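Asker: Chains A and B supply the protein sequences, listed in that same order.
Each residue of the first sequence is one higher than the one before, counting from 10 in the working numbering.
Each residue of the second sequence is one higher than the one before, counting from 10 in the working numbering.
2 protein chains.
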Amino acid sequence: MAMQISGASLRRLPQYVSVLVRLAEEGQRHVTSAELARRLRLDETLVRKDLAMTKFAGKPRVGFGVPELLAHLRDFLGAQHAKEAILVGAGRLGQALVAYHGFEKYNLSIVALFDTNPEKIGGQVEGRQIYPLWQAAAFARRHGIRIAILTVPSDAAQPVADLLADAGVLAFWNFSGHPLNLPDPVVVLNEDLAESLAVLSHRVGKLTLVGAEE
Amino acid sequence: MAMQISGASLRRLPQYVSVLVRLAEEGQRHVTSAELARRLRLDETLVRKDLAMTKFAGKPRVGFGVPELLAHLRDFLGAQHAKEAILVGAGRLGQALVAYHGFEKYNLSIVALFDTNPEKIGGQVEGRQIYPLWQAAAFARRHGIRIAILTVPSDAAQPVADLLADAGVLAFWNFSGHPLNLPDPVVVLNEDLAESLAVLSHRVGKLTLVGAEE
DNA sequence: TAGATTGTTAATCGATTAACAATC
DNA sequence: TAGATTGTTAATCGATTAACAATC
Chain A
10 MAMQISGASL RRLPQYVSVL VRLAEEGQRH VTSAELARRL RLDETLVRKD LAMTKFAGKP
70 RVGFGVPELL AHLRDFLGAQ HAKEAILVGA GRLGQALVAY HGFEKYNLSI VALFDTNPEK
130 IGGQVEGRQI YPLWQAAAFA RRHGIRIAIL TVPSDAAQPV ADLLADAGVL AFWNFSGHPL
190 NLPDPVVVLN EDLAESLAVL SHRVGKLTLV GAEE
Chain B
10 MAMQISGASL RRLPQYVSVL VRLAEEGQRH VTSAELARRL RLDETLVRKD LAMTKFAGKP
70 RVGFGVPELL AHLRDFLGAQ HAKEAILVGA GRLGQALVAY HGFEKYNLSI VALFDTNPEK
130 IGGQVEGRQI YPLWQAAAFA RRHGIRIAIL TVPSDAAQPV ADLLADAGVL AFWNFSGHPL
190 NLPDPVVVLN EDLAESLAVL SHRVGKLTLV GAEE
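(1) So SER185/B packs on VAL161/B, CB below 8 Å; how close in whole Å?
(2) In terms of residues, what are the limits of the beta strand (DSSP E) holding VAL120/B?
(3) For GLY16/A, go through chain B and note every residue whose CB falls closer than 8 Å to its CB, in chain order.
(4) Mind pulling the chain B residues with CB within less than 7 Å of GLU204/A?
(5) Assuming ILE158/A and VAL178/A are in contact, meaning their beta carbons sit under 8 Å apart, how far apart are those beta carbons, in whole angstroms?
(6) Classify HIS110/A: buried if its beta carbon has 16 or more other beta carbons within 10 angstroms, exposed otherwise.
(7) Quick one, which of ALA88/A, ARG31/A and VAL30/A has its alpha-carbon nearest LYS215/B's?
(8) DSSP beta-bridge partners for TYR140/B?
(9) Which of the three DSSP states is assigned to GLY87/A in this structure?
(10) Since ALA94/B and ASP124/B should fall inside the 8 Å C-beta cutoff, what is the C-beta to C-beta distance between them, to a whole number of angstroms?
(11) Fully enclosed by the segment 128-201 of chain B, which alpha helix (DSSP H) runs are 4 residues long or longer?
(12) Relative to chain A, which residues along the segment 85-117 of chain B have a C-beta separation below 9 Å, given in chain order?
(13) Is HIS39/A near the ligand ZN, judged by its Cβ being under 8 Å from some heavy atom?
(14) Please confirm if the segment 58-77 of chain A is in contact with the segment 124-137 of chain A, defined as three or more CB-CB distances below 8 Å between the two stretches.
(15) Give the straight-line distance between the Cα atoms of PHE148/B and PHE85/B, rounded to the nearest whole angstrom.
(16) So, do the segment 73-85 of chain A and the segment 164-181 of chain A have three or more beta carbon pairs nearer to each other than 8 Å?
(17) Per the DSSP calculation, HIS211/B is bridged to which residue(s)?
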């Protein structure tokens, strides 16, 4: 019992949140699963299942309370606890992530950046200091950091992750493209642009064969 | 017949490519499905199925020819045709993508950037010119651009995509976080950091409950 | 030949969709 | 009450894994 929510369901929750935000702005009090499904092009049963997984109950004949569901989902998504993260690799992608304001919704803040480039060290990005990489593990240990965002070159990913895991980091958001190998309780979320690009490239290849018109 | 390859399989192909590149550098001539599976933590049957979907045949008792399979997969992933893309939204994420050199492997080049910010217009990123947004559709039409990368704010995503689709763009790589609604032959690949962050945030939330030690 | 490894068919698993009973 | 909508159980679908026959 207490069924674990699937990754696929979890990925849909932010989409519900974003629709609910719009509905709340429009002052709508309730929404049906059919309406949510229509807006997100999902099956309405799937919507009810997803919401049921978060333990939120709707009302027959009425639907789901918009502000209540919104608050509930935000809470469920871990927005209740403030979380601090460090970012390793202050290149363009790293800087783009620091500037991305989507984190705040999840109560996640990037408190420091680390890099090996002497020209970057000592600088700031969006008000956060860039420190030398060798200080990262000690920083994580001292501040009890549990989350690290890796935007380092792929060769550096595994050694950096090992160091940080030793220092108590429990979750890695890995943009390096190199799959990480870490002991069990550690959470790794791999983000690989090359994978997506493969899908796009292959699909476009097919289109251009078909679309030989003109 | 001529079974369509699944998105899940397609996403694994770049991983095979990256392992094969390493094996090729080490001078290894052949590799077994078991070895590929071990390195990527997959089931070996899955590896054989994925490769079979691309119509590449291995040799019993020997395995798969490393250079041949590498060339075959690159070709299958659409690396055979040069493809030109434009990028709309020259913010930090857009600039990070322009600087990301993974595209080249797929023979995809970003030929121009577009933005509404007058301070950015006329500037360059990695040698590519930034033009005013209102010129994007005409540019796409004139140069026969088939691929657009959207790194615009979420409100702007749909209207920009509509304009570009009208101008003949067939594929969108959408980083805006706003799901796009486009007529059928058009390929849309949504990349949503918020979805991934939801997964991470929820998993970390669980960990910190358990990890109440210390 | 014998045996390692492929390629493919069958079984399992998990996620989505359909059907429908419960509820306000 | 009647009927719209939820919540849940059953059916379907697709992807992964297991079993095994084909092959060099």
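The C-beta atom is built at its ideal place from N, Cα and C for all residues, glycine as well.
Predicted, not measured: the structure shown is a model, and the values here were computed from it.
Answerer: In short, the structure shows the following:
(1) 5 Å
(2) 117-124
(3) VAL208
(4) ARG20 and PRO23
(5) Not confirmed; about 10 Å, so no contact.
(6) exposed
(7) ALA88/A
(8) PHE123/B
(9) helix
(10) In fact, because the Cβ distance is near 15 Å, the residues do not count as touching under 8 Å.
(11) 145-152 and 163-175
(12) PHE85, LEU86, GLY87, ALA88, GLN89, HIS90, LYS92, GLY100, ARG101, LEU102, GLY103, GLN104, ALA105, LEU106, VAL107, ALA108, TYR109, GLY111, PHE112, LYS114, TYR115, ASN116 and LEU117
(13) Ligands are entirely absent from the displayed structure, and the ligand ZN is therefore not among its contents.
(14) no
(15) 29 Å
(16) no
(17) According to DSSP, which records beta bridges pairwise, HIS211/B is partnered with nothing at all.
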